[in-house]
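Residues 48 to 352 (this note's numbering) make up the sequence shown, in order.
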Amino acid sequence: MAEIDYSSEIKRLKKEKNAVILAHYYQNDDVQDVADYLGDSLKLSQTAKDTDADIIVFCGVHFMAETAKILSSQKKVLLPVMDAGCAMADGITREALQAYKDQHPDTKIITYVNTSADVKAVSDCICTSTNGLKIIQHYLDAGEKILYAPDQNLGKYAMHLSGKEFEVWNGCCPIHHFLDKNKVLEQKKKHPDALIISHPECQLDILEISDYVGSTAQLISFVKQSKAKEFIVCTEQGVLHPMELQNPDKKFYVGSKSLVCHSMKKTSLEDVYNCLKNETNEIFVDEDVAQKAINALYTMFALSK
Ligand code: 13P
Ligand code: SF4
């Protein structure tokens, strides 16, 4: 049997079915290459909200496809690999957050987008790594008591920058949290002219030695406009693909070989093709949960303008 050319078949099916492919920067390179929209968690959620396609194939992890479904409830949202989860999102439940809320009824709950729809539904506002600092600052300026959940590292970084104390959940992304500072310093020793650029899910000791801290999209924009020629990148390795494509004259090194999100790497081109062809792995969100989560998501969109 002749081999299937997945890229051209995906292109054909997209047209036939009025489908779009959204992919996160941590996806495998060949999956990024077939995407109509490549982005960070914020841009992809905005794209899902605004698209007029009938089908969204979300190449990312489960909470991202779920967020797309909440924001685009009339569309069919498909996730090529159903068990592509996020360790940070899996570390917090609605029950645990609700219990906190019951004990602290005056506290505003700002929740990272890397959470389930259930968790978003008991939150006051959602944020991503792109707008997290701005949103937290907004609530602090308004004199509110806040809990930031679940990423302790972005929370601690926001406290460090704002000089203000607030409650932070103790969750984390294991890929970023366990990045060893010594590995990054070894890279710096090998490449002394390289700038260290890091995602705020890394611990404060990494952020303190970084020349720039930002979300995936912010890191990609930073390297594009920077005059520097070499970068040590402290986030999941997938971002090196767009960085290298956009900057053929610059060199990129990973902060450590351990910076791989295996959930993000589960999706292959074949999975994308099968999912689109058979319209399998549809994502559903309970209507009541979606309605509550949407309020928190729209608060984020309003505050991140
Ligand atoms: P971004 O918001 O930068 O896309 O990050 C998402 C994520 O999962 C980081 O680990
Ligand atoms: Fe979740 Fe971490 Fe993977 Fe991002 S890198 S999707 S936070 S497990």
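Positions of the beta carbon are idealized from the N, C-alpha and C atoms, including for glycine.
Pick helix, strand or coil for residue i, following the three-state DSSP scheme.
i: residue 72; result: coil
i: residue 198; result: strand
i: residue 219; result: coil
i: residue 225; result: coil
i: residue 277; result: strand
i: residue 256; result: coil
i: residue 249; result: coil
i: residue 50; result: coil
i: residue 267; result: helix
i: residue 322; result: helix
i: residue 158; result: strand
i: residue 125; result: strand
i: residue 283; result: coil
i: residue 66; result: strand
i: residue 306; result: coil
i: residue 139; result: coil
i: residue 231; result: helix
i: residue 243; result: strand
i: residue 173; result: strand
Return yes when the C-beta of residue i is under 7 Å from any heavy atom of ligand 1, and no when it is not.
i: residue 162; result: no
i: residue 113; result: no
i: residue 220; result: yes
i: residue 305; result: no
i: residue 288; result: no
i: residue 315; result: no
i: residue 180; result: no
i: residue 158; result: no
Please tell me whether, using a cut-off of 7 Å, the distance from the CB of residue i to the nearest non-hydrogen atom of ligand 2 is below it.
i: residue 172; result: no
i: residue 108; result: yes
i: residue 151; result: no
i: residue 146; result: no
i: residue 249; result: no
i: residue 281; result: no
i: residue 223; result: yes
i: residue 262; result: no
i: residue 311; result: yes
i: residue 73; result: yes
What does DSSP give as the partner residue(s) for residue i in the beta ladder?
i: residue 214; result: 194
i: residue 86; result: 71
i: residue 292; result: For residue 292, which the question treats as bridged, DSSP gives no partner whatsoever.
i: residue 203; result: DSSP lists no partner for residue 203.
i: residue 300; result: 279
i: residue 105; result: 69
i: residue 329; result: 125
When you compare the stretch 308-316 with the stretch 83-103, are there three or more beta-carbon pairs, one atom per stretch, that lie closer than 8 Å? no
Any chance the stretch 290-305 sits against the stretch 325-336, with 3 or more Cβ pairs inside 8 Å? no
Quick check: the stretch 248-257 against the stretch 266-278, are there 3 or more CB pairs under 8 Å? no
Determine contact between the stretch 206-217 and the stretch 235-248, defined as no fewer than three beta-carbon pairs at a distance below 8 Å. no
Sufficient close CB pairs (3 or more, under 8 Å) joining the stretch 110-117 to the stretch 337-345: yes
Using 8 Å as the Cβ pair cut-off and three pairs as the minimum, do the stretch 153-160 and the stretch 193-206 touch? yes
Would the stretch 64-78 and the stretch 277-293 be scored as touching if the rule is three or more Cβ pairs under 8 Å? yes
Quick test of the definition: if touching needs 3 or more C-beta pairs under 8 Å, does the stretch 121-134 touch the stretch 91-105? yes
Should the stretch 167-178 be called in touch with the stretch 257-264, which here means at least 3 C-beta pairs below 8 Å? yes
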